[in-house]
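Engineer: In the UniProt record's numbering, the protein residues as written are 7 to 544.
Every residue, glycine too, gets a C-beta built ideally from N, C-alpha and C.
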Ligand code: ADP
Ligand code: MG
Ligand code: MG
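1) Which value, in whole angstroms, describes the spacing of the CA atoms of residue 346 and residue 441?
2) With distances taken from each beta carbon to the nearest heavy atom of ligand 2, which residues come in below 6 Å, in chain order?
3) Determine the direct distance from the alpha carbon of residue 381 to that of residue 298, and round the result to whole angstroms.
4) Please report the straight-line C-alpha distance between residue 200 and residue 206, rounded to a whole angstrom.
5) Going by Cα to Cα distance, which pick from 318, 106 and 184 is closest to residue 378?
6) Would you mind stating whether residue 149 and residue 303 have Cβ atoms separated by less than 9 Å?
7) Could you tell me whether the segment 203-220 touches the segment 269-286, where touching means 3 or more Cβ pairs closer than 8 Å?
8) From residue 526 to residue 517, what distance separates their C-alpha atoms?
9) Across the segment 252-259 and the segment 354-368, are there enough close Cβ pairs to call them in contact, namely three or more that are closer than 8 Å?
10) Quick check for students: name the residue ranges of the beta strand (DSSP E) that lie wholly in the segment 297-343, counting only runs of 3 or more.
11) Please confirm whether residue 152 and residue 41 have their CB atoms less than 9 Å apart.
12) Looking only at its chain, what residues have a beta carbon closer than 8 Å to the beta carbon of residue 498, apart from the 5 residues adjacent to it on each side?
13) Got a sec, what are the start and stop residues for the alpha helix (DSSP H) residue 160 sits in?
14) For the 8 Å Cβ check, are there 3 or more pairs between the segment 222-241 and the segment 189-204?
15) Are residue 177 and residue 76 close, meaning C-beta to C-beta below 9 Å?
16) Could you spell out where the alpha helix (DSSP H) holding residue 418 opens and where it closes?
17) Starting from the Cα of residue 411, find the closest Cα among 420, 395, 394 and 433 and give me that residue.
18) Under 9 Å, do residue 221 and residue 193 count as touching if we go by C-beta distance?
19) According to the neighbour-count rule (16 or more other Cβ atoms, all chains shown, within 10 Å of its Cβ), is residue 180 buried or exposed?
20) Under the assumption that residue 384 contacts residue 524 (Cβ atoms under 8 Å), give the Cβ distance between them as a whole number of angstroms.
21) Taking Cβ to Cβ, would you say residue 309 is nearer than 9 Å to residue 370?
22) With distance defined between alpha-carbon atoms, name the residue in 37, 480 and 10 nearest to residue 214.
23) Starting from residue 135, follow the alpha helix (DSSP H) in both directions and report where the run begins and ends.
24) Taking residue 264 as part of the beta strand (DSSP E), name the residues at either end of that continuous run.
25) For the 8 Å Cβ check, are there 3 or more pairs between the segment 89-97 and the segment 125-144?
26) Counting along the chain, where does the beta strand (DSSP E) carrying residue 205 start and finish?
27) Using only alpha-carbon positions, find the residue among 512, 520 and 468 that is nearest to residue 246.
28) Examine the Cβ distances between the segment 462-481 and the segment 316-333 and report whether three or more of them are shorter than 8 Å.
29) Could you tell me whether the segment 51-61 touches the segment 136-143, using the rule of 3 or more Cβ pairs below 8 Å?
30) Pull up the distance between the alpha-carbon of residue 403 and that of residue 301, whole angstroms please.
31) Identify which residue in 364, 386, 360 and 365 has its Cα closest to the Cα of residue 374.
32) Determine the extent of the alpha helix (DSSP H) in which residue 506 is found, giving its start and end residues.
33) Would you report the Cα separation of residue 166 and residue 79, rounded to the nearest angstrom?
34) Could you tell me if residue 367 is buried or exposed, where buried requires 16 or more neighbouring beta carbons within 10 angstroms of its beta carbon?
35) Do the CB positions of residue 250 and residue 320 come within less than 9 Å of each other?
36) Restricting to runs no shorter than 3 residues, where is the beta strand (DSSP E) found entirely within the segment 373-443?
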């Protein structure tokens, strides 16, 4: 209908325009924003914990304030801060730059006459330092000196920091971080997709301009389909993982009607959309290799935490604005009990491994099977055991999966691609790629063009970049939902569960947002000015 068309156009325009934020305009709007006083200071101190790694390295605001503290202290502390910063800048540099940087690090930090000499080194490290030359100053030595520096910082400097005004400031930020999140915190834009329990729409944080995707799970639909535990597991796993190739969670909160997961906005659309909805069926091989490399890295990250994904399929892999992909939808993921297998049937028809279909015990093997199916689908625009939109009973797909050989159209699949797929589609787990010790899927020739070290640092340019003025999602009207839920009543037990879910901002992601949007600098400066007048600091 023409009305729908206009509606969709308006929704797209608002969504695209929001992504071009005017930083000055936002800055004006938030002039009245102030940091809260750290009221229950001692309770808050206890709550933030005493771990150096968390307070001074992992949390971006904590790290920034600790650095500022060090740089305003004794020359020894300044040198330590400077040394760590130069080392981290070097991590992904290529060889030539690295050699040059090493020379300058040697002269700056390891020569007693230098202002930045690392005078806190003791014992063997101090001795070693005297004999360091360009020749023997290798990566291992550098690593050892970095560890020695961190050990030094964890001692007296860390204790002093916790008594300094910089740490009080950190507590204020933590107080701010704990704020209650509601719908009012965001502007809402168009729907991007629909899932089993509700829709996913684009949102924007009002005072920072940061765009996110919000997955809204209908409370009553969750209850009706007993999906409450699943929602909590999804949230807890999302919160725990941190990989460039898995969507990050930024906020979890509850509105009157929905539980909301606010995550990285992936503006490039899901891979299913790219396979079927853009005219040409399938995705070109160069892109398939690149996406598969990122997916593999994401899956390995989950497996390293003993998490099985269980819902690997192109529909759940999303592209960001630059053309890099991430796994999303961890709604079926589970943490494996230590050393044990599980046997619950879970997954999507067409992607489930033989061991799942036979209801046998399994661990991470099922994800490699599903990845094999997904590579096949990206190329052939159908599944190995199910044609696109084929109306077929689940039992028949099961039978084919267990009994049939997968067929490859030789016009579409080259040798390495066919080889990696058939290794992922081994019906017996013992024979499958990724499931035996010492066979890392990343070493397969299919990936010969990929440098995984650089890929993991986000340094490999995507082969294809989404166009900034295109919305890679179906029209908004395709997401209408009509099912009836009037008979479902929510009780006190449900409300208790919803509170458990609603933990608000996720520390690291939130702190990044605050720094990147400029709010951190603005409020810190404003506070400093106010303090100079009132003299109330400390
Ligand atoms: P479900 O668990 O119900 O399958 P998903 O998490 O897969 O729900 O989300 C449904 C759809 O919404 C996805 O296939 C995708 O098209 C879209 N979507 C989900 N998360 C995002 C995101 N972070 N950015 C953009 N679109 C998203
Ligand atoms: Mg999904
Ligand atoms: Mg799901």
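Structural biologist: Reading off the structure:
1) Residue mapping note: residue 346 aligns to position 340 of the chain shown, counting from 1. Residue mapping note: residue 441 aligns to position 435 of the chain shown, counting from 1. Straight-line Cα distance between these residues: approximately 15 Å.
2) Listed by chain position, these are 201, 321, 322 and 335.
3) Locating residue 298 in the chain shown gives position 292, counting from the first residue. Locating residue 381 in the chain shown gives position 375, counting from the first residue. As the crow flies, the alpha-carbon of residue 298 is around 7 Å from that of residue 381.
4) Numbered from its first residue, the chain shown carries residue 200 at position 194. Numbered from its first residue, the chain shown carries residue 206 at position 200. Cα-Cα distance, rounded: 6 Å.
5) Start at 1 with the first residue of the chain shown, and residue 378 comes out as number 372. When C-alpha distances from residue 378 are compared across 318, 106 and 184, the shortest belongs to 318.
6) In the chain shown, counting from the first residue as 1, residue 149 sits at position 143. In the chain shown, counting from the first residue as 1, residue 303 sits at position 297. Contact flag unset, no.
7) Yes, the segment 203-220 touches the segment 269-286.
8) Here residue 526 is taken as the residue at index 520 of the chain shown, counted from 1. Here residue 517 is taken as the residue at index 511 of the chain shown, counted from 1. Straight-line spacing of the CA atoms in residue 526 and residue 517 works out to 9 Å.
9) The segment 354-368 and the segment 252-259 do not touch, with fewer than three beta-carbon pairs separated by less than 8 Å.
10) Here the runs fully enclosed are 323-325 and 331-333.
11) Within the chain shown, numbered from 1, the residue matching residue 152 stands at position 146. Within the chain shown, numbered from 1, the residue matching residue 41 stands at position 35. No.
12) The residue given as residue 498 occupies position 492 in the chain shown. Once the five neighbours on either side are set aside, residue 498 has no close Cβ partner at all.
13) Within the chain shown, residue 160 is the residue found at index 154, counting from 1. 145-160 is the extent of the alpha helix (DSSP H) around residue 160.
14) They touch, by the three-pair rule.
15) In the chain shown, residue 177 corresponds to position 171, counting from 1. In the chain shown, residue 76 corresponds to position 70, counting from 1. No; because the gap between Cβ atoms is not below 9 Å, this pair is not in contact.
16) What you label residue 418 is simply residue 412 of the chain shown in a count that begins at 1. Per DSSP, residue 418 belongs to no alpha helix (DSSP H) and is neither H nor E.
17) Counting from one through the chain shown, the residue named residue 411 turns up at place 405. Nearest neighbour of residue 411 by Cα position, chosen from 420, 395, 394 and 433, turns out to be 433.
18) Reading the chain shown from its first residue, position 215 is the one you call residue 221. Reading the chain shown from its first residue, position 187 is the one you call residue 193. Going by C-beta atoms, residue 221 is not nearer than 9 Å to residue 193.
19) The residue labelled residue 180 in the question sits at position 174 within the chain shown. Counting Cβ neighbours within 10 Å, residue 180 comes out buried, since at least 16 surround it.
20) For the purposes of this step, residue 384 is taken as the residue at position 378 of the chain shown. For the purposes of this step, residue 524 is taken as the residue at position 518 of the chain shown. In this structure residue 384 does not touch residue 524 by the C-beta definition: roughly 39 Å separates them, more than the 8 Å allowed.
21) Sequence index remark: in the chain shown, residue 309 carries index 303 (1-based). Sequence index remark: in the chain shown, residue 370 carries index 364 (1-based). Yes; because the gap between Cβ atoms is below 9 Å, this pair is in contact.
22) By 1-based counting over the chain shown, the position of residue 214 is 208. Out of 37, 480 and 10, 37 has the C-alpha closest to the C-alpha of residue 214.
23) Within the chain shown, numbered from 1, the residue matching residue 135 stands at position 129. 129-136 is the extent of the alpha helix (DSSP H) around residue 135.
24) Counting from 1 along the chain shown, the entry for residue 264 is found at position 258. DSSP places residue 264 in the uninterrupted beta strand (DSSP E) bounded by 264-270.
25) Two segments are said to touch when three or more pairs of C-beta atoms, one from each, lie closer than 8 Å; by this definition the segment 89-97 does not touch the segment 125-144.
26) Position 199 of the chain shown holds residue 205. Where residue 205 is concerned, the enclosing beta strand (DSSP E) stretches over 204-211.
27) Position 240 of the chain shown holds residue 246. With distances taken between Cα atoms, residue 246 lies closest to 512.
28) Yes, the segment 462-481 is in contact with the segment 316-333.
29) Taking 8 Å as the limit for Cβ pairs, the verdict is that the segment 136-143 does not touch the segment 51-61.
30) Looking up residue 403 in the chain shown gives position 397. Looking up residue 301 in the chain shown gives position 295. Cα to Cα, residue 403 sits roughly 25 Å from residue 301.
31) The count along the chain shown starts at 1 and reaches residue 374 at position 368. Selected option, being the one with the closest Cα: 360.
32) For the purposes of this step, residue 506 is taken as the residue at position 500 of the chain shown. Where residue 506 is concerned, the enclosing alpha helix (DSSP H) starts and stops at 498-507.
33) By one-based count along the chain shown, residue 166 stands at place 160. By one-based count along the chain shown, residue 79 stands at place 73. Looking at the two C-alpha atoms, the distance is approximately 10 Å.
34) In the chain shown, the residue the question calls residue 367 occupies position 361. It counts as exposed.
35) Counting from one through the chain shown, the residue named residue 250 turns up at place 244. Counting from one through the chain shown, the residue named residue 320 turns up at place 314. Contact: no.
36) Inside the segment 373-443, DSSP marks no whole beta strand (DSSP E) run of 3 or more residues.
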